[in-house]
Amino acid sequence: MRSLKISIQEQDFSIDDECAVMRAGHKDIGALATFTGLVRELDDENSSQQSVSSLYLEHYPGMTEKNLQEIAEEADLRWPILDIVIIHRIGELKVSEQIVFVGVSSMHREAAFAACAFIMDFLKTKAAFWKKSITENQERWVEAKNSDAKATEKWAETKHKR
Amino acid sequence: MATVHYFASIREKLGLSTEQLELPSQVDTVNALVALLIEQHGSSWEEVLKKSSVLVAVNQSVVSFTSPVTNGDEVAFFPPVTGG
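Line by line, the protein sequences give chains A and W. The numbering used here runs 153 ahead of the 1-based position in the first sequence. The numbering used here runs 396 ahead of the 1-based position in the second sequence.
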């Protein structure tokens, strides 16, 4: 891996700006895969009830950065990656706002697509972030989902070191 | 002194985000630390910290409740993570 940027921040980010920085001066990039997570109005566990008005995101300063660093390093062991950018916002985020960005560049698309999905799956189950869902008249800490744990587990089966 | 952090729903239920305490020599595992915290703060802490889903990190690495702790360590209790 040539470069790794990890940022945990309150302020919003620009997908265009992040991609422009990743591309600048690098003629070897053939593929740039990105993922952006947004605050969704309907809560899976609670869809019959009220719409979500915002989320509150909390992290463990120091440990969360370490978790993300380890996830990126594990992705780098599996695929020929050039650059990785991971941005995660914290604090109160309204519906439709951006929560998380993962960008992975590589020479070819397979590595970029796979590493981007891998990083998101591990971020959801291994990085120290907690999310509270806020509706007009209640606040509720979001429960960890079994489907997320399964998504992380499936990578153990497909472990192929490059 | 050990530093203990509480996050998310655990922080809210306990009404505390961080504290520092001197560990007596017999408090040498996470389980013993949990017993000490319950003794100091009262039995209302028991149902929060003894819930099976609670995770613990010592010096910013997730460990088991039988792992060692000592003065100078940074310990954190938190629920399963839900970022992204």
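Even for Gly, the Cβ is constructed at its ideal location relative to N, Cα and C.
Between residue i and the rest of its own chain, which residues show a CB-CB distance below 6 Å, the 5 nearest in sequence each way excluded?
i: Ile240 of chain A; result: Ser160, Phe166, Phe254
i: Gln416 of chain W; result: Met397, Thr399
i: Leu157 of chain A; result: Ala225, Ile237
i: Arg293 of chain A; result: Ser286
i: Ala304 of chain A; result: Asp274
Nearest chain A C-beta to residue i closer than 7 Å, yes or no?
i: Gln422 of chain W; result: no
i: Leu436 of chain W; result: With the sequence shown as reference, residue 436 of chain W is identified as Gln, and Leu is not the correct amino acid for it. By this cut-off, Gln436 of chain W is not an interface position.
i: Phe403 of chain W; result: yes
i: Thr478 of chain W; result: yes
i: Gln456 of chain W; result: yes
Under a CB-based cut-off of 7 Å, is residue i close to chain W?
i: Val238 of chain A; result: no
i: Leu131 of chain A; result: With chain A covering only 154 through 315, there is no way to say anything about residue 131 of chain A.
i: Glu306 of chain A; result: no
i: Gly215 of chain A; result: yes
i: Lys247 of chain A; result: no
i: Val257 of chain A; result: no
i: Lys303 of chain A; result: no
i: Ala186 of chain A; result: no
i: Val295 of chain A; result: yes
i: Trp283 of chain A; result: yes
i: Leu221 of chain A; result: no
If I follow the unbroken alpha helix (DSSP H) through residue i, where does it start and stop?
i: Ile252 of chain A; result: Segment 251 to 259 is the beta strand (DSSP E) holding Ile252 of chain A; no alpha helix (DSSP H) there.
i: Ala184 of chain A; result: Per DSSP, Ala184 of chain A belongs to no alpha helix (DSSP H); it is in the beta strand (DSSP E), 184 to 191.
i: Ile272 of chain A; result: 262 to 279
i: Ala225 of chain A; result: 216 to 231
Within the same chain, show all residues whose beta-carbon is closer than 7 Å to that of residue i, passing over the 5 residues directly before and after it, in chain order.
i: Ala404 of chain W; result: Phe474, Pro475
i: Ala342 of chain A; result: The structure shown does not extend to residue 342 of chain A, since chain A is modelled only from 154 through 315, so no value can be given for it.
Considering only their Cβ atoms, is the gap separating residue j from residue i smaller than 7 Å?
i: Thr399 of chain W; j: Glu443 of chain W; result: no
i: His179 of chain A; j: Ala281 of chain A; result: no
i: Phe135 of chain A; j: Ile224 of chain A; result: It is not possible to answer for residue 135 of chain A, since the shown part of chain A is limited to 154 through 315.
i: Val453 of chain W; j: Ala431 of chain W; result: A small fix is needed here, since residue 453 of chain W is Ala in this sequence, not Val. For Ala453 of chain W and Ala431 of chain W, no; Cβs fall outside 7 Å.
i: Val192 of chain A; j: Leu246 of chain A; result: yes
i: Phe271 of chain A; j: Ala228 of chain A; result: yes
i: Met175 of chain A; j: Gly256 of chain A; result: yes
i: Pro233 of chain A; j: Ser258 of chain A; result: no
i: Gly215 of chain A; j: Gln456 of chain W; result: yes
i: Ala184 of chain A; j: Arg242 of chain A; result: no
i: Thr414 of chain W; j: Thr462 of chain W; result: no
i: Val248 of chain A; j: Glu306 of chain A; result: no
i: Ala186 of chain A; j: Cys269 of chain A; result: yes
i: Thr288 of chain A; j: Val205 of chain A; result: yes
i: Thr189 of chain A; j: Gln251 of chain A; result: yes
With a CB to CB cut of under 8 Å and the five nearest residues on each side skipped, what residues in its chain are close to residue i?
i: Gln291 of chain A; result: Gln203
i: Gly468 of chain W; result: Met397, Ala398
i: Ile406 of chain W; result: Val444, Leu445, Val450, Phe473, Phe474, Pro475
Provide the residue span of the beta strand (DSSP E) that contains residue i, from first to last.
i: Lys247 of chain A; result: 244 to 247
i: Val459 of chain W; result: 457 to 459
i: Ala453 of chain W; result: 451 to 454
i: Leu208 of chain A; result: 205 to 212
i: Glu470 of chain W; result: 470 to 474
i: His437 of chain W; result: From DSSP, His437 of chain W is part of no beta strand (DSSP E) but of the alpha helix (DSSP H) over 426 to 437.
i: Leu417 of chain W; result: 414 to 417
i: Ala177 of chain A; result: Looking at the DSSP string, Ala177 of chain A is not in any beta strand (DSSP E), and its letter there is neither H nor E.
i: Leu157 of chain A; result: 156 to 162
Counting only runs that start and end within the region 288 to 314 of chain A, where is the alpha helix (DSSP H) found for 4 or more residues in a row?
-> As far as the region 288 to 314 of chain A is concerned, its whole alpha helix (DSSP H) runs of at least 4 residues are 299 to 310.
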